[in-house]
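The next block holds one structure in the form of structure tokens; read it before the comments.
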Amino acid sequence: MATFDIVTIFPAMIEQPLAAGIIGRAIGRGTLDVKVLDLRDFTTDRHRVVDDVPYGGGPGMVLKPDPIFRALDAIEAERGRPLTVILTSPQGARFTQAVAQRLSGAEHIVLLCGRYEGFDDRVRERVTEELSIGDYVLTGGELPALVILDAVARFVPGVVGDEQSVAEDSFSRGLLDFPQYTRPAEIASGTADARFASDGDDAVSGEGERILRVPDVLLSGNHAEIRRWRKREALSRTLTRRPDLLDGATLDDEEAELLRELKGARDGRD
Ligand code: SAH
């Protein structure tokens, strides 16, 4: 079981999304234990104030350190040490699939959601990791906390039904996932917009409507060929969209060979 404590001034922003889908079911089964704490419950004044003006002046408000320390003390008293305390921040290290996998091994995780101009810097004293979900600034840490929890939870055994599907996801081996199709094997696209067509060999029917077909190999029942096609597609997508990933990818012999072919074909076209 994995346990999370999320500290926020907007508990509903966390609770509602967590109730749906795979994460909601995992919480229902007890595979995940998620507690949402309202930072205002850890204030001592009548108005439950969590923010104050910045020392030195300037715009905006800053989250006061004392309610956060009290919240962490309460969590520690309940869960015991050591806590993995994650501060959500655009200044943090980039959150990646590798970080998600590593964190899934932590006994339990505290996520601190900032607001306004962020936290009083002394909060960093109690933080084990500062994580950013990307190079942009959001109004609060609730969405980042949900993103981190969701990605970490997928690695917790029993959360996603099929462990194999987690292992094969994009990034897990340093490659993007291969394209997926489901029934029907043929479908007419309603609008005749060629921009959304996957490749050039789909037939054009009456009135410019396009018939989109699932690649033949996937209907062939030839498992060796399907496996090879999927490897090739994963490599080719990664090479086109995210060549930076290939440096860190772990490839088997067949994949290394396919990648050489793909690169050769590409160089030939240049
Ligand atoms: N002035 C701060 C940004 C505050 S944004 C700065 O420039 O560093 C308010 C809160 O939103 C932050 O405290 C953090 O909890 C959250 N947040 C915003 N963007 C984020 C990002 N890219 N990743 C993680 N958390 C983020």
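Numbering of the sequence shown is given in this note's numbering, commencing with residue 7 and proceeding in unit increments.
Think of the CB as a built atom: it goes at the ideal place given N, C-alpha and C, for glycine as much as any other residue.
Since this is a predicted model, take the numbers as computed values, not measurements.
1. For Pro65, name the three-state secondary structure that DSSP assigns.
2. Taking C-alpha atoms, which residue in Gln97, Ser178, Leu152 lies nearest to Arg108?
3. For Val91, write down the residues that DSSP places opposite it in a beta bridge.
4. In its own chain, which residues sit with a C-beta less than 7 Å from the C-beta of Lys70, not counting the 5 before and 5 after it?
5. Mind reading off the beta-carbon distance from Gly66 to Pro73? Whole number of angstroms is fine, and I expect it under 8 Å.
6. Identify every run of the alpha helix (DSSP H) within the stretch 219–251, keeping only runs that are complete inside it and at least 4 residues long; order them along the chain.
7. Looking only at its chain, what residues have a beta carbon closer than 7 Å to the beta carbon of Phe75, apart from the 5 residues adjacent to it on each side?
8. Taking the continuous alpha helix (DSSP H) assigned at His156, which residues delimit it?
9. Given a cut-off of 7 Å on the beta-carbon distance, is the pair Val223 and Glu231 in contact?
10. Using the C-alpha atoms, what's the distance from Lys269 back to Phe161?
11. Kindly give me the distance between the Cβ atoms of Val116 and Thr90, rounded to whole angstroms, as I take these residues to be in contact under 8 Å.
12. Among all the DSSP beta bridges, which residues are the ones paired with Leu182?
In terms of the structure at hand:
1. coil
2. Ser178
3. Val116
4. Val56, Asp57, Asp58, Asp126
5. Not confirmed; about 18 Å, so no contact.
6. 222–225, 229–247
7. Arg132
8. Checking the sequence, you will find Asp at residue 156 rather than His. 148–159 is the span of the alpha helix (DSSP H), which, as asked, contains Asp156.
9. yes
10. 33 Å
11. 7 Å
12. Bridge partners of Leu182: none, in fact.
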